[in-house]
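Going by my numbering, the sequence shown opens with residue 81, and the numbers climb by one from there. All C-beta atoms in this analysis are idealised placements derived from N, C-alpha and C, irrespective of residue type, glycine included. Single-structure report; data block below.
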Amino acid sequence: HFLFASTAVVYGPTGPVQVDEEGLPHPEQSTIGGQVYGITKLACEGLGLLYQRRGLPVTIFRLHGIFSEGRLGQFGQMIGQALAGEPVKVIQQAGGEYAHLEDVLRGFLLAMDNPKAHGEVFNLAGSYTYSDLELARFIIEAAGSGSRLQPLDNPGQGMVSVSVEKIGNMLDWEP
81 HFLFASTAVV YGPTGPVQVD EEGLPHPEQS TIGGQVYGIT KLACEGLGLL
131 YQRRGLPVTI FRLHGIFSEG RLGQFGQMIG QALAGEPVKV IQQAGGEYAH
181 LEDVLRGFLL AMDNPKAHGE VFNLAGSYTY SDLELARFII EAAGSGSRLQ
231 PLDNPGQGMV SVSVEKIGNM LDWEP
């Protein structure tokens, strides 16, 4: 059983509209990875589903905003900036449903030995939608910092909001 870690970037920026796995992908509208990242992930999904039709069990996961104690990504940068009293740089259009790594791994494990997951595409994300601007404000407050926000403009790296209803219904997964 081949499990493929794809990305919600394949949807492109969705804005406040939550998309499910049937949503039309627009990776060319995202600037994450210079557009190449989402486009190549979507191409790999297509290859995986081709092999599924030829007999290899394949499950695709579209991941969004994965974090853990050792992997904070842009939030680690924001925390460092806030603790240093520096301006906290944040893309004002970005955000989505961030998920803890343990929740994501649990989704992979639930699919691993479950034939219902074969040939399926699942979104894996958190259950609450946050803008990165909201999270940056929270970080500054929690750090007790006098830092100010430095909003950056990048519409191609905007809000990506995905539904996890399908994996919840089919595999009894929840974040």
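Using a Cβ-Cβ cutoff of less than 8 Å, which residues in the same chain neighbour residue i once the five nearest sequence positions on both sides are dropped?
i	result
Glu108	Gly92, Gln115, Gly118 and Ile119
Cys124	Phe84 and Ser86
Arg151	Leu181
Leu251	Gly187, Leu190, Ala191, Asn194, Lys196, Ala197 and Phe202
By DSSP's criteria, residue i is part of a beta bridge. Which residues make up the other side?
i	result
Ala179	Ile146
Pro231	Val170
Phe84	Ile140
Leu204	Leu143
Tyr210	Gly176
Val242	Val99
Arg151	Ser148
For residue i, does the count of other Cβ atoms within 10 angstroms reach 16, so buried, or fall short, so exposed?
i	result
Tyr208	exposed
Val168	buried
Asn249	exposed
Ala197	buried
Pro195	exposed
Apart from the five residues just before and just after residue i, which ones in its own chain have a Cβ nearer than 7 Å to its Cβ?
i	result
Gly103	Tyr91
Ile146	Ala179, Leu181 and Val184
Glu166	Ser227
Gly153	Phe147
Gln172	Leu213, Pro231, Leu232 and Asp233
Met158	Val168, Val170, Ala216 and Ile219
For residue i and residue j, what's the separation of their Cα atoms in angstroms?
i	j	result
His81	Val89	24 Å
Gly175	Leu215	9 Å
Ala266	Val244	With the chain running from 81 to 255 in the structure shown, residue 266 is simply not present.
Ala191	Arg142	13 Å
Leu129	Gln230	42 Å
Leu127	Gly135	13 Å
His144	Gly156	17 Å
Asp193	Pro255	19 Å
Trp253	Lys121	23 Å
Ile203	Val170	The sequence shown places Asn at residue 203, rather than the Ile named in the question. Taking the straight line joining both Cα atoms gives about 25 Å.
Leu260	Val138	Coverage of the chain is limited to positions 81 through 255, which leaves residue 260 absent and any answer about it impossible.
Gly258	Pro105	There is simply no residue 258 to check, as the chain begins at 81 and stops at 255 in what is shown.
Gly224	Gly160	13 Å
Sorted by chain position, which residues of the same chain lie with C-beta nearer than 6 Å to residue i's C-beta, five sequence neighbours on each side aside?
i	result
Val201	Glu101 and Ile140
Gly199	Gln132
Thr94	Val240 and Ser241
Ser110	Val89, Gly92, Gly118 and Gly236
Gly206	Glu177, Tyr178, Ala179 and Pro255
Pull up the CB-CB distance for residue i and residue j, whole angstroms please, since I reckon it's below 8 Å.
i	j	result
Val97	Ser241	7 Å
Ile219	Ala162	5 Å
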